[in-house]
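Residues in the sequence shown are numbered consecutively from 1, following full-length UniProt numbering.
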Amino acid sequence: MMNFNDIYDTYEKQGYYEPFTMGEHLENWTEKYGDKIALVEEDKRITYRELNQKVYELAAGFYKTGIGKGDNVVVQLPNSIAFVITCFALFRIGARPVFSLPAHRESELNGVFNIAKPVAYIIPTDFLGFDYSVMAEKMSKKYPCLKLIITDGQAGDYINLNDLFIEPSDIEDEPSYKKTALFLLSGGTTTGKPKLIPKIHSAYMYNAKASAVRCGLDETSVYLAFLPIAHDFPFCSPGVLGTLLSGGKVVLCKTSSPDEVFPMIEREQVTVMALVPAIGEVWLDAVMWGESADFSSIKLVIVGATKIEYDTAERLSETMGCKIQQGYGLGEGLTCFTSLDDPVEIAFTCQGSPISQGDEVKIVDENGEEVEDGEYGELLEKGPYTFTGYYNSPELNEKAFTDDGFFRTGDRARFTEEGNIQLGGRIIEIINRAGEKIVPAELEDHLRKYKDIKDVAVVPMPDKNLGQAICAFITTDDYDINFTDINEFLRNEGVAAYRMPDKIKVIDFLPRTNVGKVDKVTLKKMLE
């Protein structure tokens, strides 16, 4: 891993960081915006002052249970006021939330727990029909590091989060703004193992602030968060953090369903939101089929996670009567957006430019040499909010950076004449299903365990609504193999629903290259 202290000191001397932890930032926002509404969830509303008080109370409760500075805590809550309070309470005592999506199941969590060694696990009692307490019990038996299971309601003998709000007390050993605030879970890996991305208090807040400036957020902004805020995009780019530091209001929705989201847009007069193209397509279809929607308050839609098609961007802009701003970002670091004054020819076709003058970006060929402007290659980057290595993963870190400290994104990109980045897929393929990243090798490992599958290859297939769907080519002696049974098997393996195949195709044999590798190019052509 690179020398963090040297890198941090360099950027700190250049003035990129403020000397505050994320908990201290909340106190500063409270002084400026105290009685303004900070968060809305369904019929619940909370001001900045109330949010800060609740954070102090829960921080005291966490501290009393034995959670302290440097402890890792897996947080798997859906979009909610409780999520935000929980994270800031952990920030305040120097404990480090490990963000986990509500969709994650035992399979995904095993890897996270193995690396993070959490002392506590915070879950909903149930969400969208799934009982998390049963899964938590399995995890507690498997991982002796796990001392506390905390639920957002009453569930058996587990600690009720609501009972931990107590009289605030002094924290003896307060955290440093130079230390890790939280861990993001990388969207996917080519190794089949999870990757935890440490985010530093001051550097992460700089990321949020620079994003908020590029996206034009201010005290009048009303940001709609329906993408899971355990993702970097809706949490920090500019997301929840960027809105709060600007004095705006965050409206939290648990799903992206038009039935839930459209009424909240009208009721709360939402001005800005982030979405992925697949959800935009679903919304456009809903409007076309007569779903009632008043988008008159919306000024800006920020599109990210994958590039949007020109006609989809055009339809979104026309239907919602707003600007479209494209973005590109990594939990590991670099954040880019188009500018608010860019013409549609740029906003609809490019993923923007870096948000910070301190960001350094270059595009190289397979030999590591910089390509000519306009040519595609691998995007490399470093800057004041780029991480310096995955947590407890020395083998990954050896390959993740160049000798001169640039992070290898694995993304294929080029520079346009205007200096914007234009994406062109992955150097090593990861399936991007509605913004969620699926590693084919991970799913293939699970499918090979199924009794009737001899061999398998997982590839992406084009899908109008999802962007990419998951197709599993399998070889088997049972040509009546049942798709439902396979997905039930995967469910029992603890695989999240979004990682299950959308289609199974049985073939006589998997095509192979002249060196014996499965020829996935041929398989993808079979789906065209």
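Heads up, the beta-carbon is just placed ideally off N, CA and C, and yes, glycines get one too.
Keep in mind that this is a model prediction, so the values were computed, not measured.
Start and end residues, alpha helix (DSSP H) containing T484: F483 to N492
Same chain only: Cβ atoms within 8 Å of S297, ignoring 5 sequence neighbours per side: Cβ within range, chain order: V222, I265, E266, Q269, V270 and T271.
Alpha carbon of G129 to alpha carbon of P102, nearest angstrom: Between the alpha carbons of G129 and P102 lies a gap of roughly 11 Å.
Those runs of the alpha helix (DSSP H) which lie wholly inside the region 10-36 and span at least 4 residues: 22-33
Extent of the continuous alpha helix (DSSP H) run through G61: Y48 to T65
Rounded separation between D480 and G290 - CA only: Roughly 40 Å between the two C-alpha positions.
Sequence-distant residues of the same chain with beta carbon closer than 7 Å to I504, five excluded per side: A472, I474, F483 and I486
Residue burial classification, Q468 (beta-carbon count within 10 angstroms, cutoff 16): That one is buried.
Beta-ladder partner(s) of E301, from DSSP: In the sequence as presented, Glu is not what sits at residue 301; that position holds Val. V301 has M273 and I324 as its beta-bridge partners, per DSSP.
Touching by the beta-carbon criterion (3+ pairs, under 8 Å), the region 4-16 and the region 80-89: no
Within 7 Å, strictly: CB atoms of P384 and G410: Contact: no.
Neighbourhood of K54 by C-beta, 6 Å cutoff - its chain only, sequence neighbours within 5 removed: I85
Stretch pair the region 363-371 + the region 435-443: three plus CB contacts closer than 8 Å: no
Among N397, Y391, E418 and K249, the one whose alpha carbon lies nearest that of T47: K249
When R45, K64 and K451 are compared against L164, the one with the closest alpha-carbon: K64
Stretch-stretch touch, CB-based, cutoff 8 Å, three pairs: the region 114-130 with the region 22-33: no
Status (buried if at least 16 other CB within 10 Å, exposed otherwise) for P462: exposed
For D126, the three-state DSSP class (helix, strand or coil): D126 falls in the strand class under three-state DSSP.
Backbone CA spacing between R448 and L490 [nearest angstrom]: Near 11 Å, if we compare the C-alpha coordinates of L490 and R448.
V134, buried or exposed, once every other Cβ within 10 Å from all chains shown has been counted against 16: exposed
Inter-residue Cα distance where the pair is V518 and Q154: 49 Å
Spatial neighbours of A230 in its chain, beta-carbon cut-off 7 Å, leaving aside the 5 residues before and after: F99, S100 and L101
Limits of the alpha helix (DSSP H) - the one that V134 falls within: Secondary structure note for V134: its alpha helix (DSSP H) is the uninterrupted segment Y132 to K142.
Inter-stretch contact at 8 Å, needing at least 3 Cβ pairs: the region 197-205 / the region 176-183: Enough Cβ pairs lie closer than 8 Å, so yes.
Whether N420 touches T306 by CB criterion (7 Å): no
Distance between N392 and T125 (C-alpha atoms, nearest Å): So the alpha carbons of these two residues sit roughly 30 Å apart.
Where T475 sits in the DSSP three-state scheme: strand
8 Å contact criterion, which F407 and E381 should meet: CB distance rounded: 6 Å
Alpha-carbon to alpha-carbon, Y121 and I171: 21 Å
Span of the alpha helix (DSSP H) around L466: Segment: none, L466 is in no alpha helix (DSSP H) and carries neither H nor E.
Chain-order list of residues whose beta-carbon lies under 6 Å from that of E436 (same chain, five-residue window excluded): Y498
Per DSSP, cross-strand counterpart(s) of residue 611: Outside the displayed span of the chain (1 to 528) sits residue 611, for which this structure offers no information.
T189 to R49 span [Cα, whole Å]: Residue placement at T189 is poorly supported in this model, since its pLDDT is 42, which falls under 50; the coordinates still yield a value, given next. Taking the straight line joining both Cα atoms gives about 40 Å.
G405 versus E417, A274, E395 and G389, residue with shortest Cα-Cα distance: G389
E57 beta carbon less than 7 Å from that of residue 585: Since the displayed the chain opens at 1 and closes at 528, residue 585 lies outside it and no answer follows.
Straight-line gap, I507 to V459 (C-alpha atoms, nearest Å): 14 Å
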